Amino acid sequence: HVDDWAVMTLRIPNSDPNPLNWPIVGTGAKIGFCLMDYGPCGTTGSTYDGHCRDSNMIYLSGTTMHNVDFPNWNLGGGNYNCSVTEQGISSGWTDVYAKNLDGMWVNIPSNTCNGNYYIVMEVDKNNLFMEEDETNNYTAVPVTLSLQHPAGSGQLPVITTSNSNNLCFGQSLELTATAGTSYLWSTGDTTQHVSITQPGEYSVQVTNYCGTSTSLPFTVNSVVPDAPTVSGDTVCVSGSMELTANGSGDLTWFDDNGNFVGVGTTFTTPNLTNTTTYFVQNTEVYVDSLFVEPHTNGIGGGGYISSERYLIFDSYIPFTLSSVLVYAHSAGSLTIDLKASDNTLLQTINATVPGGASRVQLNFPVAAENGLRLVGRNISAGTGLYRNNMSAIYPYELPNVLSIIGSSQGASLYYFFYDWEIHTQNSTCASALTAVEAVVNSCASVGENIPFKKSIVIAPNPSNGDFQLSFSTQSAGTVKAELIDLIGAQVWSSSLEHHEGNNTESISLENVAKGIYIFNILYEGKKYPTRVVIE
């Protein structure tokens, strides 16, 4: 059999003539396929009459073709079968796979309503087979759904994302709405998919067979690690320098072309003869959020009850059950327990909820274990939590993480807790790049006081204009300090009294504009420069 032969999507038709552009409701596939000469195109009234057409991108479109319409008919062929080395369809032949056979499906989302849809099937998307025409490898077949929610029943649309709902610095996130014929996002966009670059809450109004309804808010979180604090270095004429940085996560160094050069809190440059800028980035690990179906109570009919009930689930890996969505008839209180299969209490929380839909924060640590129970009890009289009656289709799964497999009252009822928010997946976000200067000065070396020069430290650097100046002298006296901009103008100066030994002076340059400067210390008739950055 051939893998990845057919991909199927359930779609809502619109005015676009190309079915591949219609909004996707659900997806599916044919697991494997044996491409073979199953039967001849035949003649009018024969077994496969109507299956061979010159164009069939829309069901029953195009002109029916029979054997006589193929110039190469009966010149060989007709022998392709389920060979493990060679498969195909000969001229004038067709291959038919009956709808009642297994290994193919389309997933229908739980908030889908009855109506007229199309199943669009695409074949050979990976172009593994040689064909005369590669542009007609799809067909759209009409299908009427009658076993879903009633049309016009107001099932809420859902917003999903293929990735995390956490937004890293400088990145974007694509949000997708439940399929419909029209969309109106809280951003003003009117397409099924929107690209988000800012954190916040987003919602969308969708019109489809369920009616016109607005989704619950979808929260996009901002994950912005703090930029590292850095300190550059200075040499005269040439030399290697040590650059330092501190941050809350992992530090990565890059050169001015964006090439990776090192990791850690320090980076030692190669021998430099010119001032060079390096960059360092702080990368933090954070815990991602995943959400489990059913996302809403729109999986069927039901009502509000106050009795103690629970859902049963298997956990495949440890995770945190962060929150759940509940629907209350009116404001009130309840208790939510996490219990083992033998009814041992593992976690519990008391919560108050408003009337309508709301999220309850749980933050329950969950171990890898089978038969766990999420219990709702002590539901205050008159409050009532919504449960679906005779409409659940278990399991509801988050692959490789968990599976909700049933309820306390059997396999067709679903109790209380929707859109489970799971924290399990570690991801990373990086800060903006921070520049660090490795400064090479063409300063005279004759007559320099080398111990004094090596004792000069300015920290932090870069700074906001407030920093500490440290140096060591062999006797007490006065040194002059000045700040020079890059065109040579003096923008600040001061005389500093010092004593013998180590000295530390607090320098405040808050009124100086942001930029790169040379900080000179005049000592024993010589200038000792340090490049400083004010930001």
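Just so it is clear: in the sequence shown, position 82 is 83 by the numbering used here, and no numbers are missing.
Note that beta-carbon positions come from the ideal geometry of N, C-alpha and C, so glycine has one too.
These numbers come from a predicted model, not from an experiment.
#1: Give me the Cα-Cα distance between E123 and G29, rounded to the nearest whole angstrom.
#2: Taking the alpha-carbon of P24 as reference, which of A152, P530, A141 has the nearest alpha-carbon?
#3: Could you check the C-alpha separation between G489 and D251 for me, to the nearest Å?
#4: S494 by DSSP, collapsed to three states: which one?
#5: Where do the ends of the beta strand (DSSP E) carrying F520 lie?
#6: Whole alpha helix (DSSP H) runs in the region 216 to 248 with 4 or more residues, listed along the chain?
#7: Assign P1 to one of three DSSP states: helix, strand, or coil.
#8: Check whether the region 257 to 265 and the region 181 to 201 touch, using three or more Cβ-Cβ pairs below 8 angstroms as the test.
#9: Measuring alpha carbon to alpha carbon, tell me which of S323, H499, L510, S214 ends up nearest D467.
#10: Can you tell me where the beta strand (DSSP E) holding I90 begins and where it ends?
#11: Nearest to S316 by alpha carbon, out of L326, P396, I337?
#12: Count the C-beta pairs between the region 236 to 248 and the region 267 to 274 that are closer than 8 angstroms, then say yes if the count reaches three, no if not.
#13: Is G383 buried or exposed, if buried means 16 or more other CB atoms sit within 10 Å of its CB?
#14: Alpha carbon to alpha carbon, how far is S507 from E498?
#15: Using alpha carbons as the reference points, say which of R532, E370, Q172, P295 lies closest to A341.
#16: Could you please give the first and the last residue of the uninterrupted beta strand (DSSP E) stretch that includes I313?
#17: Just the Cα atoms here: how many angstroms apart are L129 and Y81?
#18: On the DSSP bridge assignment, give the partners of H150 in chain order.
#19: Can you give the Cα-Cα distance for N579 and G27, rounded to whole angstroms?
#20: Can you tell me whether C430 is buried or exposed, with buried defined as 16 or more other CB within 10 angstroms of its CB?
#21: Below 8 angstroms, can you find three or more Cβ-Cβ pairs linking the region 362 to 379 to the region 290 to 303?
#22: Check whether chain D comes within 7 angstroms of C430, counting only Cβ atoms and requiring the distance to be less than that.
#23: Between which residues of its own chain and T266 is the CB-CB distance below 7 angstroms, once the five residues before and five after are set aside?
#24: Quick one: residues in its chain with C-beta nearer than 6 angstroms to the C-beta of V325, no 5 flanking neighbours on either side, listed in chain order?
#25: Quick check on the DSSP output: the beta strand (DSSP E) that includes K340 runs from which residue to which?
#26: Would you mind working out which of M391, G233, G356 sits nearest I300, comparing C-alpha positions?
#27: Could you pull out every residue in the same chain whose Cβ sits closer than 6 angstroms to the Cβ of S334, ignoring the five residues on either side in sequence?
#28: Using 10 angstroms around the beta-carbon of T264, count the other beta-carbons present and answer buried if the total reaches 16, otherwise exposed.
#29: Once the 5 residues before and after L168 are set aside, which same chain residues still bring their CB inside 8 angstroms of it?
#30: Does C211 pass the burial test, meaning 16 or more other C-beta atoms within 10 Å, or should it be called exposed?
#31: Please report how far the alpha carbon of N101 lies from the alpha carbon of R54, in whole angstroms.
#32: Grouping DSSP H, G and I as helix and E and B as strand, with all else coil, what is I451?
#33: Within the present structure, is the beta-carbon of N73 separated from the nearest heavy atom of the ligand FMN by less than 6 angstroms?
#34: Under the rule that 16 or more other beta-carbon atoms within 10 Å means buried, what is I394, buried or exposed?
#35: Does the beta-carbon of N462 have 16 or more other beta-carbons within 10 angstroms, so that it is buried, or is it exposed?
#36: Is it true that the CB of V159 sits closer than 7 angstroms to the CB of H296?
Taking the geometry as given:
#1: Translated into positions along the sequence shown, residue 123 becomes position 122. Translated into positions along the sequence shown, residue 29 becomes position 28. Roughly 11 angstroms separates the two Cα atoms.
#2: What you label residue 24 is simply residue 23 of the sequence shown in a count that begins at 1. Cα-wise, what sits closest to P24 is A141.
#3: Counted from its first residue, the sequence shown places residue 489 at position 488. Counted from its first residue, the sequence shown places residue 251 at position 250. Roughly 38 angstroms between the two C-alpha positions.
#4: Indexing the sequence shown from 1 puts residue 494 at position 493. Reduced to three states, the DSSP call for S494 is strand.
#5: In the sequence shown, residue 520 corresponds to position 519, counting from 1. Run containing F520: 516 to 524, per the beta strand (DSSP E) assignment.
#6: none
#7: In the structure as shown, the chain begins at 2 and stops at 536. Residue 1 is therefore absent and cannot be evaluated.
#8: no
#9: For the purposes of this step, residue 467 is identified with residue 466 of the sequence shown, where counting begins at 1. Checked all of S323, H499, L510, S214; the closest Cα to D467 is L510.
#10: Locating residue 90 in the sequence shown gives position 89, counting from the first residue. Where I90 is concerned, there is no enclosing beta strand (DSSP E), given that its DSSP letter is neither H nor E.
#11: By 1-based counting over the sequence shown, the position of residue 316 is 315. Ranking the options by Cα distance to S316, first place goes to P396.
#12: yes
#13: The sequence position of residue 383 within the sequence shown is 382, counting from 1. Classification of G383: exposed, given that the 10 Å Cβ count is below 16.
#14: Locating residue 507 in the sequence shown gives position 506, counting from the first residue. Locating residue 498 in the sequence shown gives position 497, counting from the first residue. Taking the straight line from one Cα to the other gives about 12 angstroms.
#15: Mapped onto the sequence shown, residue 341 falls at position 340. Ranking R532, E370, Q172, P295 by Cα distance to A341 puts E370 first.
#16: Working through the sequence shown from its first residue, we reach residue 313 at position 312. Looking at the DSSP string, the run of the beta strand (DSSP E) that includes I313 is 310 to 316.
#17: To locate residue 129, count along the sequence shown from 1; it is residue 128. To locate residue 81, count along the sequence shown from 1; it is residue 80. Taking the straight line from one Cα to the other gives about 16 angstroms.
#18: The residue given as residue 150 occupies position 149 in the sequence shown. Paired residue(s): C114.
#19: The first residue shown for the chain is 2 and the last is 536, placing residue 579 beyond what the model contains.
#20: To locate residue 430, count along the sequence shown from 1; it is residue 429. Counting Cβ neighbours within 10 Å, C430 comes out buried, since at least 16 surround it.
#21: no
#22: As a matter of chain content, chain D is missing from the structure shown, which is built from one protein chain.
#23: Translated into positions along the sequence shown, residue 266 becomes position 265. Around T266: T245, A246, N247, L252.
#24: As a position in the sequence shown, residue 325 is number 324, starting the count at 1. Same-chain partners within the cutoff: V361, F418, W421.
#25: In the sequence shown, counting from the first residue as 1, residue 340 sits at position 339. Here the beta strand (DSSP E) through K340 covers 333 to 340.
#26: In the sequence shown, the residue the question calls residue 300 occupies position 299. For I300, the nearest C-alpha among the options comes from M391.
#27: Within the sequence shown, numbered from 1, the residue matching residue 334 stands at position 333. T353, S381, listed in sequence order.
#28: For this step, residue 264 is matched to residue 263 along the sequence shown. A small fix is needed here, since residue 264 is Val in this sequence, not Thr. Exposed.
#29: Position 167 of the sequence shown, counted from the start, is the residue given in the question as residue 168. Here the set comprises L174, I197, T198, Q199, P200, V221, N222, S223, V224.
#30: As a first step, residue 211 is located in the sequence shown; it is residue number 210 there, counting from the start. Answer is buried; the Cβ neighbour count reaches 16.
#31: Reading the sequence shown from its first residue, position 100 is the one you call residue 101. Reading the sequence shown from its first residue, position 53 is the one you call residue 54. Straight-line Cα distance between these residues: approximately 23 angstroms.
#32: Within the sequence shown, numbered from 1, the residue matching residue 451 stands at position 450. Helix, per DSSP.
#33: This structure lacks the ligand FMN; in fact it carries no ligand of any kind.
#34: Within the sequence shown, residue 394 is the residue found at index 393, counting from 1. Its Cβ having fewer than 16 others within 10 Å, I394 is exposed.
#35: Start at 1 with the first residue of the sequence shown, and residue 462 comes out as number 461. Result: buried.
#36: Counting from 1 along the sequence shown, the entry for residue 296 is found at position 295. Counting from 1 along the sequence shown, the entry for residue 159 is found at position 158. In contact: H296 and V159 (Cβ atoms closer than 7 angstroms).
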